[in-house]
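Numbering (our numbering), first residue to last: 63 to 587.
Let me begin by presenting the structure, written as structure tokens, before commenting on it.
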Amino acid sequence: MNRHIAYFSFLLLIQTSTSLAQNDSALRCQTLINLSLTDTTMSSAEVVTANSFSAPNSNNVMSMPAFCRVVGVTTPAVNFEVWLPMENWNGKYNGVGNGGMAGSISYGAMAGALRRGYATASTDTGHTVGPISFDASWASGRPDLIEDFGHRALHVTTLNGKAITESFYSKAPAFSYYTGCSKGGQMGLMEAQRYPYDFDGIVAGNPANDWTRFYAGAHLWYSFAMLADEEAWIPRSKLPALGNAVNAACDSLDGIEDGILQNPLACNFEPEALTCPVGVDNESCLTPKQVSAVEKIWSGVTNSAGELIYPGLVPGGEASPGGWGTWVTGSEPYSSLHWRGGEGFFRWFVFDDEDWDFRTFDYDRDLEYALDKVGPSVDADDPDLRTLRDNGAKLIVYHGWSDPDISPVASINYFESVVDLIADDMRAQNYDTALNSTQNFFRLFMVPGMGHCSGGPGPDRFDTLSALENWVENGIAPESITASKIIGGEVTRSRPLCVYPEVAIYNGRGSTDHEANFYCANPAD
Numbered sequence: 063m064n065r066h067i068a069y070f071s072f073l074l075l076i077q078t079s080t081s082l083a084q085n086d087s088a089l090r091c092q093t094l095i096n097l098s099l100t101d102t103t104m105s106s107a108e109v110v111t112a113n114s115f116s117a118p119n120s121n122n123v124m125s126m127p128a129f130c131r132v133v134g135v136t137t138p139a140v141n142f143e144v145w146l147p148m149e150n151w152n153g154k155y156n157g158v159g160n161g162g163m164a165g166s167i168s169y170g171a172m173a174g175a176l177r178r179g180y181a182t183a184s185t186d187t188g189h190t191v192g193p194i195s196f197d198a199s200w201a202s203g204r205p206d207l208i209e210d211f212g213h214r215a216l217h218v219t220t221l222n223g224k225a226i227t228e229s230f231y232s233k234a235p236a237f238s239y240y241t242g243c244s245k246g247g248q249m250g251l252m253e254a255q256r257y258p259y260d261f262d263g264i265v266a267g268n269p270a271n272d273w274t275r276f277y278a279g280a281h282l283w284y285s286f287a288m289l290a291d292e293e294a295w296i297p298r299s300k301l302p303a304l305g306n307a308v309n310a311a312c313d314s315l316d317g318i319e320d321g322i323l324q325n326p327l328a329c330n331f332e333p334e335a336l337t338c339p340v341g342v343d344n345e346s347c348l349t350p351k352q353v354s355a356v357e358k359i360w361s362g363v364t365n366s367a368g369e370l371i372y373p374g375l376v377p378g379g380e381a382s383p384g385g386w387g388t389w390v391t392g393s394e395p396y397s398s399l400h401w402r403g404g405e406g407f408f409r410w411f412v413f414d415d416e417d418w419d420f421r422t423f424d425y426d427r428d429l430e431y432a433l434d435k436v437g438p439s440v441d442a443d444d445p446d447l448r449t450l451r452d453n454g455a456k457l458i459v460y461h462g463w464s465d466p467d468i469s470p471v472a473s474i475n476y477f478e479s480v481v482d483l484i485a486d487d488m489r490a491q492n493y494d495t496a497l498n499s500t501q502n503f504f505r506l507f508m509v510p511g512m513g514h515c516s517g518g519p520g521p522d523r524f525d526t527l528s529a530l531e532n533w534v535e536n537g538i539a540p541e542s543i544t545a546s547k548i549i550g551g552e553v554t555r556s557r558p559l560c561v562y563p564e565v566a567i568y569n570g571r572g573s574t575d576h577e578a579n580f581y582c583a584n585p586a587d
């Protein structure tokens, strides 16, 4: 009998202790509203119970553990949120990035970090957007907001996020990581270049880092290619013919016919081969003006001196859902994301003129003006990462070869610029020496067949954060990362992503849909 009493007393003690701990955590959460942070006002601090949170303007309840939700704003208008697991905190912090013109909290990315046990934070980067994608009207006459959007908002949010985390748990995060893609990739490289002490590790995916040149040489240039003369615009219905022709010419160059171009730069397909016969214009061919548009999009734009302003897109994945039909052509003229992005950026960031016409843009005069005016705020193009390296931090960049938005060649060019700087710093005469030194802290992974951050014909699901954790915390640099294609909840194909310049090579045995049958090697070997 006494044993039963003792047992139930023990259970009661456990329940009481748990209840007290929960009440203590709830109280500590609520008191965070009184935390004093530089130029920052706390709006709310409250406990959100498990599986009860819906993002604003959404009725979808997110599956998440209970967390302390802290909401605040830093002068002038940097809205941010910090989420802190009520239980099972992994002792680490994960800042997450945005997409497009930002303008909202990245709730989905925060939810993913929270499920992994991270304390996490996101910012709208200092403004809110309207209902139109790539809205940039908020930047009119506000260089301070452009500065926040370009780099400052994430930095101050990171400082606040880590301070709030330390206050709640009574200890600082053991490790701090950043993850983001697209605009979020630009944000990650800004952190690496300007604020190298903020994070122990950074993942920057499909980064729009060379922002001003990207908007001029991609967003705006594609509008020139297809809309300066509207007869050059390519309807979505013609994209399958273009995509199929590219695959027919280049898919087998890597020894496997799988709908994926391992190295699109090796593809020498000429769009002229799709030219419609005289008097014909149907879905199986391109008119001469449409052929010229494709050539311009693939080649990129140069200035009057013949210098490349920004690299073009590369062949592959043109007809994939979310590919050229969304980004490049749109459902009709003036509807593509490239058109909206380029027109909005130059109208409001650069010229601040609501009547500005893209056809007036001069790639010598106006590009230099844009670079001088907003480049210092938004361009993450500095190759000097030595402070990041010396701080012991690590950087992973990945980029989909079938990205219809940001040229994958731009990420290769940035990586090579870092290698060149390291070579100069080391006075290295041998490229491999500088490459190896760079790869000690910065690794690039090119993703065959992946579109813009996801999608495309190739495997597009992979876990860079775990690879980064293992590198930072255990000193084990990722030699490859497994990528999977998931359809209907099932893995249909997997491949290794290799450290650039290595590529995945089929060993000649077994299924080409299984990553175990590939190895990473330099294609030049």
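Glycine included, each C-beta is placed from N, C-alpha and C at the ideal position.
Since the model is a prediction, treat every value here as computed from it, not as a measurement.
Contact check for GLU380 against TRP386 passes: the beta carbons are separated by less than 8 Å. Comparing alpha-carbon positions, the option among GLY570, PRO585, GLY246 lying closest to ALA578 turns out to be GLY570. Within the region 393-462, the runs of beta strand (DSSP E) at least 3 residues long that lie entirely inside it are, in chain order, 456-462. When Cβ pairs closer than 8 Å are counted between the two stretches, the region 264-271 is seen not to touch the region 362-381, the count staying below three.
According to DSSP, CYS130 shares a beta bridge with VAL109, LEU146. Fewer than three Cβ pairs drawn from the region 284-303 and the region 500-507 lie within less than 8 Å of each other, which leaves the two stretches out of contact. For ALA236, the closest of SER546, VAL565, VAL534, PRO563 by C-alpha to C-alpha distance is VAL534. The beta carbons of LEU94 and SER184 sit no closer together than 8 Å.
A Cβ-Cβ separation of about 20 Å leaves GLY161 out of contact with GLY279 under the 8 Å criterion. Residue nearest to PHE331 within the set GLU345, ALA485, SER314, VAL340 is SER314 (criterion: CA-CA distance).
For a cut-off of 8 Å, the C-beta gap from GLY392 to GLY517 is around 17 Å, too long to register as a contact. Every unbroken stretch of the beta strand (DSSP E) spanning 3 or more residues and falling wholly within the region 526-551 is given here in chain order: 542-549. In this structure, DSSP gives ARG204 a state outside helix and strand, which the three-state scheme calls coil. The beta carbon of TYR372 sits closer than 8 Å to the beta carbons of ASP272, ARG275, PHE276, ALA278, GLY279, ALA280, TRP283, GLY362, VAL363, SER469, ALA472 from its chain, once the five residues preceding and following it are set aside; these are given in chain order. By DSSP's assignment, LYS300 forms no beta bridge with any residue. Between ILE548 and the set LEU433, ASP260, ASP575, the nearest pair of CA atoms involves ASP575. In the DSSP assignment, PHE237 is bridged to LYS154. Nearest neighbour of THR102 by Cα position, chosen from SER125, GLY188, PRO127, turns out to be GLY188. Counting the other Cβ atoms within 10 Å of the Cβ of GLN491 gives fewer than 16, which makes it exposed.
Taking every protein chain shown into account, the CB of ILE538 has fewer than 16 other CB atoms within 10 angstroms, so this residue is exposed. Taking 8 Å as the upper bound for CB-CB distance, ILE567 and PHE411 are not in contact here, some 44 Å apart. Close CB contacts of MET249 within its chain, under the 6 Å cut and outside five residues either way in sequence, are with GLY159, LEU216, GLY242 (chain order). PRO466 is not bridged by DSSP to any residue. Secondary-structure assignment with DSSP links ARG557 through a beta bridge to ALA545.
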